[in-house]
Amino acid sequence: MPPAVPRRGYLYILACVLLWSSFMLIARLGGKTPLTPFDVLALRLATASAVLCWLPKPPAAAWRDGWMWGLALIGCVAFCLLCYGAVRWVPAAHLALLVAGLQPFLLALLLLLWRQGWPQRATWPGYALMALGLLLLAWPLFAGQAAPGQWLGDGMLLLAGVLWALYALLAKRRPYDAWQMTSFVTLASALLYLPVYLLWLPKGLAQTAWPVIAGQALFHGISPAIVAMLCYLRAVALLGPSRVAALMALIPVVAGVAAVPLLHEPLTPALAGALLSVSLGAWWVARPALPVASGRDRGLRPTLTEEKPCRT
Numbered sequence: 013m014p015p016a017v018p019r020r021g022y023l024y025i026l027a028c029v030l031l032w033s034s035f036m037l038i039a040r041l042g043g044k045t046p047l048t049p050f051d052v053l054a055l056r057l058a059t060a061s062a063v064l065c066w067l068p069k070p071p072a073a074a075w076r077d078g079w080m081w082g083l084a085l086i087g088c089v090a091f092c093l094l095c096y097g098a099v100r101w102v103p104a105a106h107l108a109l110l111v112a113g114l115q116p117f118l119l120a121l122l123l124l125l126w127r128q129g130w131p132q133r134a135t136w137p138g139y140a141l142m143a144l145g146l147l148l149l150a151w152p153l154f155a156g157q158a159a160p161g162q163w164l165g166d167g168m169l170l171l172a173g174v175l176w177a178l179y180a181l182l183a184k185r186r187p188y189d190a191w192q193m194t195s196f197v198t199l200a201s202a203l204l205y206l207p208v209y210l211l212w213l214p215k216g217l218a219q220t221a222w223p224v225i226a227g228q229a230l231f232h233g234i235s236p237a238i239v240a241m242l243c244y245l246r247a248v249a250l251l252g253p254s255r256v257a258a259l260m261a262l263i264p265v266v267a268g269v270a271a272v273p274l275l276h277e278p279l280t281p282a283l284a285g286a287l288l289s290v291s292l293g294a295w296w297v298a299r300p301a302l303p304v305a306s307g308r309d310r311g312l313r314p315t316l317t318e319e320k321p322c323r324t
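Numbering (this note's numbering), first residue to last: 13 to 324.
Have a look at this one:
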């Protein structure tokens with residue numbers, strides 16, 4: 013791979029880190045308003061669809077691809093509802109740690125289940141650091157110091173992380189480029205979700221000020237739904253999902269630290285330790301040019317960090 017390709021992939025990841033860190037903060041802010049999680053997702057999909065209607069459409073073959081409809085349900089509808097619901101009970105740093113920080117572990121597990129091989133031994137300390145960070149995050153739960161609803165919120169975020177890891181792997185296997193995937197997932201999600209929302213789901217729009225509604229609609233409908241998703245899929249295509257997942261684990265540091273002055277959320281010693289551990293672990297796992305294992309490791313399948321990126 014030419015050197016320019018991974019550099020471009022890292023630029024896409026930097027954009028993702030900044031945009032999705034903002035997503036964590038704005039979602040947490042929306043969780044403190046009368047808006048329901050169903051409202052926030054509806055605003056996101058309606059705004060994004062209105063923008064996408066003026067841009068190039070996904071190919072006709074995508075609409076006949078059953079896997080693509082499944083990706084829309086997994087990577088957009090279910091994932092977003094879990095995240096938007098969980099932030100009513102947990103801080104923004106929990107959203108960032110459990111969704112982004114857990115990705116390398118979940119991807120490693122899925123790749124093992126699909127018989128793609130073990131992670132390279134040189135990356136194991138990084139995974140251990142990320143595991144330590146997650147244990148520090150969970151410490152208040154096991155010590156009986158959890159806030160009301162934290163078990164439920166963290167459980168929802170854990171499930172959201174599983175769905176996102178599955179989405180990352182399945183999206184890489186579809187024969188569409190990043191823009192086609194982004195456009196289809198958003199538009200298909202709107203077709204599947206908005207009629208259900210309008211007819212049956214609870215709403216809090218009437219109790220919410222219009223500036224709040226407009227702000228949530230514009231941010232969620234453009235930044236994470238279109239721009240961040242496009243950058244993410246391009247990064248996966250250039251770098252592979254495992255390395256992207258490791259670098260996405262830097263989101264907790266950005267979101268967790270920013271939540272202190274912006275949302276006035278406390279940064280406890282345990283939470284600070286979790287953020288630091290995940291950050292260091294992400295850097296360790298994502299280091300480039302790790303040598304191929306030898307000796308007792310010889311004969312292993314390709315490692316997570318050596319995974320071939322797909323072409324788009």
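Yeah, the Cβ is synthetic: ideal placement off N, Cα and C, and Gly gets one too.
Just measuring C-alpha positions, the residue of Ala39, Val224, Pro264 sitting nearest Tyr96 is Ala39. Within its own chain, the residues whose Cβ lies closer than 7 Å to the Cβ of Leu262, once the five positions on either side in sequence are excluded, are Val29, Ser291, Ala294, listed in chain order. For Ala140, the CB contacts under 8 Å within the same chain, skipping 5 residues up- and downstream, are Gly293 in chain order. Less than 8 Å divides the Cβ of Leu146 from the Cβ of Leu114. Shown here, Thr280 sits in coil according to DSSP, grouped into three states, outside any helix or strand. The straight-line gap separating the alpha-carbon atoms of Leu107 and Met168 is approximately 10 Å. DSSP, reduced to helix, strand and coil, places Trp176 within a helical segment of the structure shown. Following the DSSP letters along the chain, one finds Tyr188 in no alpha helix (DSSP H), marked with neither H nor E. Apart from sequence neighbours up to five positions away, the residues of its chain that approach Arg100 with a beta-carbon distance below 6 Å are Gly43, ordered along the chain. Within its own chain, the residues whose Cβ lies closer than 7 Å to the Cβ of Ile86, once the five positions on either side in sequence are excluded, are Leu175, Leu178, Tyr179, listed in chain order. With a minimum length of 4 residues, the unbroken runs of alpha helix (DSSP H) contained wholly in the stretch 221-250 fall at 222-234. Distance between Pro160 and Val63, taken at the CA atoms: about 39 Å.
Three or more beta-carbon pairs separated by less than 8 Å are not found between the stretch 271-283 and the stretch 118-137, which leaves the two stretches without contact.
For Asp77, no alpha helix (DSSP H) segment is defined, and its DSSP state is neither H nor E. In the structure shown, Val52 falls within a helical segment according to DSSP collapsed to helix, strand and coil. Per DSSP, reduced to three states, the secondary structure at Leu262 is coil, with no helix or strand assignment. The DSSP-derived three-state label of Leu213 is coil.
Closest option to Pro46, judged by alpha-carbon separation, among Leu251, Gly216, Leu275: Gly216. When DSSP states are grouped into helix, strand and coil, Pro207 belongs to the helix group. Looking at Trp151, Leu57, Leu274, Leu31, the one whose alpha-carbon comes closest to that of Ala202 is Leu57.
By the neighbour-count criterion, in which a residue is buried when 16 or more other Cβ atoms sit within 10 angstroms of its Cβ, Leu149 is buried. In the DSSP annotation of this structure, the continuous segment of the alpha helix (DSSP H) that includes Pro116 starts and ends at 115-125. Taking all protein chains shown into account, Gly233 has 16 or more neighbouring C-beta atoms within 10 Å of its C-beta and is therefore buried. Taking Ala183 as reference, the option from Gln157, Leu122, Ala249, Tyr205 with the minimal CA-CA separation is Ala249. Look at Leu182 here: in three-state DSSP terms it is helix. Around the Cβ of Leu211, a 10 Å sphere holds fewer than 16 other Cβ atoms; the residue is exposed. When DSSP states are grouped into helix, strand and coil, Thr198 belongs to the helix group.
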